[in-house]
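*Asks:*
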Amino acid sequence: MKKVFVLIALLYCSMIPFVQAQQHSEQNHQQYIWPKDALVKKKLDQWQDNKFGLLMHWGTYSQWGIVESWSLCPEDEGWCERKGPASANYFEYKKAYENLQTSFNPIQFNPDKWAQAAQDAGMKYVVFTTKHHDGFCMFDSKYTTYKVTDKKSPFSSNPKSNIAKEVFEAFRKKDFMVGAYFSKPDWNTPSYWWPYFPPKDRNVNYNPKKYPQKWQEFKDFTYNQIEELMTEYGKMDILWLDGGWVRPFSSIDTSISWQRTIPYDQDIDMSRIAAMGRKNQPGLLVVDRTVGGEYENYVTPEQSIPDHYMPIPWETCMTMGSSWSFVPNDPYKSSREIIQTLVDIVAKNGNLLLNVAPGPDGEWHAEAYQRMKEIGYWLNIHGESIYGTKPVAPYREGQWAFNRKGQSVYVTYLPKMGESMPSLITVPWKSVGKSMLVHLIGESTSLSYKITASGIQVRIPNYIQEKLTDNPAWVFKITQTL
Numbered sequence: 004m005k006k007v008f009v010l011i012a013l014l015y016c017s018m019i020p021f022v023q024a025q026q027h028s029e030q031n032h033q034q035y036i037w038p039k040d041a042l043v044k045k046k047l048d049q050w051q052d053n054k055f056g057l058l059m060h061w062g063t064y065s066q067w068g069i070v071e072s073w074s075l076c077p078e079d080e081g082w083c084e085r086k087g088p089a090s091a092n093y094f095e096y097k098k099a100y101e102n103l104q105t106s107f108n109p110i111q112f113n114p115d116k117w118a119q120a121a122q123d124a125g126m127k128y129v130v131f132t133t134k135h136h137d138g139f140c141m142f143d144s145k146y147t148t149y150k151v152t153d154k155k156s157p158f159s160s161n162p163k164s165n166i167a168k169e170v171f172e173a174f175r176k177k178d179f180m181v182g183a184y185f186s187k188p189d190w191n192t193p194s195y196w197w198p199y200f201p202p203k204d205r206n207v208n209y210n211p212k213k214y215p216q217k218w219q220e221f222k223d224f225t226y227n228q229i230e231e232l233m234t235e236y237g238k239m240d241i242l243w244l245d246g247g248w249v250r251p252f253s254s255i256d257t258s259i260s261w262q263r264t265i266p267y268d269q270d271i272d273m274s275r276i277a278a279m280g281r282k283n284q285p286g287l288l289v290v291d292r293t294v295g296g297e298y299e300n301y302v303t304p305e306q307s308i309p310d311h312y313m314p315i316p317w318e319t320c321m322t323m324g325s326s327w328s329f330v331p332n333d334p335y336k337s338s339r340e341i342i343q344t345l346v347d348i349v350a351k352n353g354n355l356l357l358n359v360a361p362g363p364d365g366e367w368h369a370e371a372y373q374r375m376k377e378i379g380y381w382l383n384i385h386g387e388s389i390y391g392t393k394p395v396a397p398y399r400e401g402q403w404a405f406n407r408k409g410q411s412v413y414v415t416y417l418p419k420m421g422e423s424m425p426s427l428i429t430v431p432w433k434s435v436g437k438s439m440l441v442h443l444i445g446e447s448t449s450l451s452y453k454i455t456a457s458g459i460q461v462r463i464p465n466y467i468q469e470k471l472t473d474n475p476a477w478v479f480k481i482t483q484t485l
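Sequential numbering from 4 applies to the sequence shown in our numbering.
This is the structure in C-alpha cells:
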C-alpha cells in the first residue's frame, strides 16, 4: 500500500475520539487486489448494488453506556479512559468489566423488530458484532466461557440466548445479505493477552517469535471461532474483520502513523482462514480491514467519506449517533444528514454501513426507529437513484451528485437547510442528446427545459416547489429518448 487512493477524511467533530480509537480513517489504497474467484466477484457486485447496510455494535459494555472494549486497553488516550466501578485501578477495573457478563440480560431483544425497521429504512445488508476486542462472544462459541450463552450470564436461559444466530436468521428472512463482524485481537483469551505479562497496549503482550507455541494457540483459537461462524450460523455473505494491528509485519505501512506503533508480526494466516470460509460459504466476501491485499475485498473508511470518486469497492462505516456503542440520550444525526451522506457516498462509488447500537435491555433508542422510518420514506420514492446505480463523471460537483442506471442519469441536488427550490434551476449535465425527458423523481409529469451552456435549465411548477420544501435531496432523472 503506497499512495494514490488516499482517503481524505471529512470527520464529524463529535466522533474524533472514536475515529482515533479504531484508527481506520488514515489509509492508503493504491494496490487494491480485485478478487479472481468468480463467486466472490459476483457477490461483490451484488453487495455494491445494495448500497445501504446496518451495522450493530453490542455487548456487555452497553450496561455502563461506555465505549466498546477500549477502556480495557492500557493506552493513555482519550478513547481508553476508564469509566465505571474501580476505574482508579486497572486490574480491579478489568475484573469489574468482565463481571458484566453476570448481569447482561437483554430481555427486550427482538431481532425481528430490528430486521423490519432496517427493511423499512431501505437497508439491504447487515453486519453484526459477534465479538469485539474485549473477547465477549455474542454467539455460542465452544472455545470460551466468556460468552452470552454461558451459565454465568442470566440471558443464557433465554430461548434466544445465541444472539448472533437469532440476528442472522431474522435478517435472512428479510432477504438481507448477512455479515459477521469479528475482532481478530481478543483481550480476554490467555493466548493473546497472556496473564504471565501485564498488557502494555492494544497489541499482543508477548513476542510471538519468542513464544511461537503461544502464538500458534492464538492462531488456532481465532481460526476455530471463525470456523464456528462459517459452519453453524447459516448462509454467510461477509466476514468483516476488525483490529487491523493483528497483521503480518510485512503489511505495515510506515507512512501511516498508527501502523508504526505495531511492535510485532501478528500474522494469523489469513489465507487459511479465507480458504476455510469460502469452502463453507462459497463466494464469501472477506474484509480484513486496513491490511490490504487479496483478503480486503472492499475497504472501509471509518466515520469519514473520501473527498473524491474511488474506483475500488469501498464502504463508509458511520454511526447514527455519536458512539459505536450504546450511550444514554445519544444525539442522533438527522435523517436529512444521513440521506445526504448516502447520496454523497453512492456518487463516489461507495456503500454506507450505518451503525445503530442496542441498549442493555436489547432495544434501540426510540429515535433510531424514527430515523429509519424517515430514511425509508425518502428511499421508497427515490431508491431507483441509489440501488444498482453506477457513478458517472463528474461524480460530485458543489451540491450536485451524479450517477446512472441504464439509459437514465440521476443528477441529485443536496439543498442546505431552509433552501427552497427555485422556479428555474440549471442542472449541470452537459452530455445531452437530441431528445430526452427530464423528471423529478416522485413526479410523473416530465418537466420543460432548455439547453444552455451551463447545462439543462429546468422549469419547476409551483406545486412541485411547495411539495419539495424541506426535502433532503432533489433527484432529477434525465433519460435519453434518441
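Glycine included, C-beta positions come from ideal geometry on N, C-alpha and C. Treat the numbers as computed from the prediction; the structure is a model and nothing was measured.
1) Use the C-beta contact count for K97: other C-beta atoms within 10 angstroms, 16 or more gives buried, fewer gives exposed.
2) Restricting to runs no shorter than 3 residues, where is the beta strand (DSSP E) found entirely within the stretch 39 to 110?
3) Under a three-way DSSP split, which group does W243 fall into?
4) Take every Cβ of the stretch 348 to 368, pair it with every Cβ of the stretch 63 to 82, and state whether three or more of those distances are shorter than 8 Å.
5) Can we count S253 as close to the ligand ATP, meaning its CB is less than 8 Å from some heavy atom?
6) If you count every other CB in all the chains shown that lies within 10 Å of the CB of L42, and 16 or more means buried, which is it?
7) K187: which of R292, V151 and I467 sits nearest, CA to CA?
8) Taking the CB atoms as reference points, tell me whether T132 and M239 lie closer together than 9 Å.
9) Are there 16 or more other CB atoms within 10 angstroms of the CB of L427, so buried, or fewer, so exposed?
10) Given a cut-off of 9 Å, decide if Y146 and E231 are closer than it, judged by their beta-carbon atoms.
11) Please classify F179: does DSSP put it in a helix, a strand, or coil?
12) DSSP three-state call for M279: helix, strand or coil?
13) Measure the Cβ-Cβ separation of P418 and K351 and say whether it is below 9 Å.
14) Under 9 Å between the Cβ atoms of P475 and S338?
15) Under three-state DSSP, which class holds Y335?
16) DSSP beta-bridge partners for I459?
17) What residue from L287, Y267, F55 and P266 has the CA that sits closest to N276's CA?
18) Using 8 Å as the Cβ pair cut-off and three pairs as the minimum, do the stretch 407 to 422 and the stretch 381 to 393 touch?
19) Rounded to a whole number of angstroms, what is the C-alpha to C-alpha distance between P193 and D143?
20) Check each candidate in V151, S254, V302 and E172 and name the one with the smallest Cα separation from P109.
21) CB-CB under 7 Å to I454, same chain, minus the five flanking residues each way: which ones, in chain order?
22) Check whether the Cβ atoms of I378 and I342 sit closer than 9 Å, and answer yes or no.
23) Straight-line CA distance for E169 to A91?
24) If Y413 sits next to Q402, beta carbons under 8 Å apart, how far is it from one beta carbon to the other, in whole angstroms?
25) Using DSSP with H/G/I as helix, E/B as strand and the rest coil, what is P322?
26) In the stretch 149 to 232, which residue ranges form an unbroken alpha helix (DSSP H) of at least 4 residues, counting only runs that do not cross its ends?
27) What does a CB cutoff of less than 7 Å around V130 pick up in its chain, not counting 5 residues either side in sequence?
28) Hey, quick one: how far does the alpha helix (DSSP H) through Y380 stretch, first residue to last?
29) Under 8 Å by Cβ, that's how I've got W190 and G138 pegged, so tell me the actual separation to the nearest angstrom.
30) Let me make sure I understand the geometry here. Which of H311, E299, E318 and I271 has the alpha-carbon closest to that of E305?
31) Quick check: A121 and K376, are their CB atoms within less than 9 Å of each other?
32) Rounding to the nearest angstrom, what Cα-Cα distance links P431 and S457 in this structure?
33) Less than 9 Å between the beta carbons of I229 and R250, yes or no?
34) Report the three-state DSSP secondary structure of M424 (helix, strand or coil).
35) Report the three-state DSSP secondary structure of M141 (helix, strand or coil).
36) Taking all protein chains shown into account, do 16 or more other C-beta atoms lie within 10 angstroms of the C-beta of Q26, making it buried, or fewer, making it exposed?
*Replies:* With the given structure in hand:
1) Within the sequence shown, numbered from 1, the residue matching residue 97 stands at position 94. Buried is the call here.
2) You should have 55 to 59.
3) Within the sequence shown, the letter at position 240 stands for residue 243. Per DSSP, reduced to three states, the secondary structure at W243 is strand.
4) Touching, yes.
5) The ligand content of the structure shown is nil, which means the ligand ATP is not present either.
6) Looking up residue 42 in the sequence shown gives position 39. Exposed, by the Cβ-count rule.
7) Taking the sequence shown and counting its residues from 1, the one referred to as residue 187 is at position 184. Among R292, V151 and I467, the Cα nearest to that of K187 is on R292.
8) Within the sequence shown, residue 132 is the residue found at index 129, counting from 1. Within the sequence shown, residue 239 is the residue found at index 236, counting from 1. The Cβ atoms of T132 and M239 lie no closer than 9 Å to each other.
9) Within the sequence shown, residue 427 is the residue found at index 424, counting from 1. L427 comes out exposed.
10) As a position in the sequence shown, residue 231 is number 228, starting the count at 1. As a position in the sequence shown, residue 146 is number 143, starting the count at 1. The Cβ-Cβ distance between E231 and Y146 falls below 9 Å.
11) In the sequence shown, residue 179 corresponds to position 176, counting from 1. Looking at F179 - three-state DSSP - the assignment turns out to be coil, as it is neither helix nor strand.
12) For the purposes of this step, residue 279 is identified with residue 276 of the sequence shown, where counting begins at 1. Here M279 sits in helix by DSSP.
13) In the sequence shown, residue 418 corresponds to position 415, counting from 1. In the sequence shown, residue 351 corresponds to position 348, counting from 1. Taking 9 Å as the Cβ cut-off, P418 and K351 do not qualify as a contacting pair.
14) What you label residue 475 is simply residue 472 of the sequence shown in a count that begins at 1. What you label residue 338 is simply residue 335 of the sequence shown in a count that begins at 1. Here P475 is near S338, since their CB atoms are less than 9 Å apart.
15) By 1-based counting over the sequence shown, the position of residue 335 is 332. When DSSP states are grouped into helix, strand and coil, Y335 belongs to the coil group.
16) One-based indexing of the sequence shown puts residue 459 at position 456. Its beta-bridge partners are V430 and I454.
17) The sequence position of residue 276 within the sequence shown is 273, counting from 1. For clarity, residue 276 is Ile in the given sequence; the question names Asn instead. If we check each option's Cα against that of I276, L287 comes out closest.
18) Flag = yes, the stretch 407 to 422 and the stretch 381 to 393 touch.
19) In the sequence shown, counting from the first residue as 1, residue 193 sits at position 190. In the sequence shown, counting from the first residue as 1, residue 143 sits at position 140. Spanning the alpha carbons of P193 and D143 requires a straight line of approximately 19 Å.
20) Here residue 109 is taken as the residue at index 106 of the sequence shown, counted from 1. That would be V151, whose Cα lies nearest to the Cα of P109.
21) In the sequence shown, counting from the first residue as 1, residue 454 sits at position 451. V435, listed in sequence order.
22) Locating residue 378 in the sequence shown gives position 375, counting from the first residue. Locating residue 342 in the sequence shown gives position 339, counting from the first residue. With contacts defined by Cβ atoms closer than 9 Å, I378 and I342 form a contacting pair.
23) As a first step, residue 169 is located in the sequence shown; it is residue number 166 there, counting from the start. As a first step, residue 91 is located in the sequence shown; it is residue number 88 there, counting from the start. If you draw a straight line from the Cα of E169 to the Cα of A91, it is about 38 Å long.
24) Mapped onto the sequence shown, residue 413 falls at position 410. Mapped onto the sequence shown, residue 402 falls at position 399. Contact between Y413 and Q402 does not hold, since their C-beta atoms are separated by about 15 Å, which reaches or exceeds 8 Å.
25) Taking the first residue of the sequence shown as 1, we reach residue 322 at position 319. Here the sequence assigns Thr to residue 322, which means Pro is not the residue at that position. DSSP places T322 within a strand segment (E or B) once states are collapsed to three.
26) As far as the stretch 149 to 232 is concerned, its whole alpha helix (DSSP H) runs of at least 4 residues are 166 to 175.
27) Taking the first residue of the sequence shown as 1, we reach residue 130 at position 127. Same-chain partners within the cutoff: G56, L58, G182, Y184, I241, W243 and L356.
28) On the sequence shown, residue 380 is found 377 positions in, with the first residue counted as 1. DSSP places Y380 in the uninterrupted alpha helix (DSSP H) bounded by A369 to H385.
29) Sequence index remark: in the sequence shown, residue 190 carries index 187 (1-based). Sequence index remark: in the sequence shown, residue 138 carries index 135 (1-based). Under the criterion of beta carbons closer than 8 Å, W190 and G138 qualify as touching, at roughly 6 Å.
30) Counting from one through the sequence shown, the residue named residue 305 turns up at place 302. Of H311, E299, E318 and I271, the residue nearest in Cα terms is E318.
31) Residue 121 sits at position 118 when you count from the first residue of the sequence shown. Residue 376 sits at position 373 when you count from the first residue of the sequence shown. No, Cβ-Cβ distance for A121 and K376 is not below 9 Å.
32) As a first step, residue 431 must be located in the sequence shown, where it is residue number 428. As a first step, residue 457 must be located in the sequence shown, where it is residue number 454. Whole-angstrom Cα-Cα distance: 6 Å.
33) The residue labelled residue 229 in the question sits at position 226 within the sequence shown. The residue labelled residue 250 in the question sits at position 247 within the sequence shown. The answer is no: Cβ separation not under 9 Å.
34) As a working mapping, residue 424 is identified with position 421 in the sequence shown. Per DSSP, reduced to three states, the secondary structure at M424 is coil, with no helix or strand assignment.
35) Residue 141 sits at position 138 when you count from the first residue of the sequence shown. Coil at M141, not helix or strand.
36) The count along the sequence shown starts at 1 and reaches residue 26 at position 23. Note that Q26 has pLDDT 47, beneath the 50 cutoff, so the model's placement of it is unreliable and the number below is only indicative. So Q26 ends up on the buried side.
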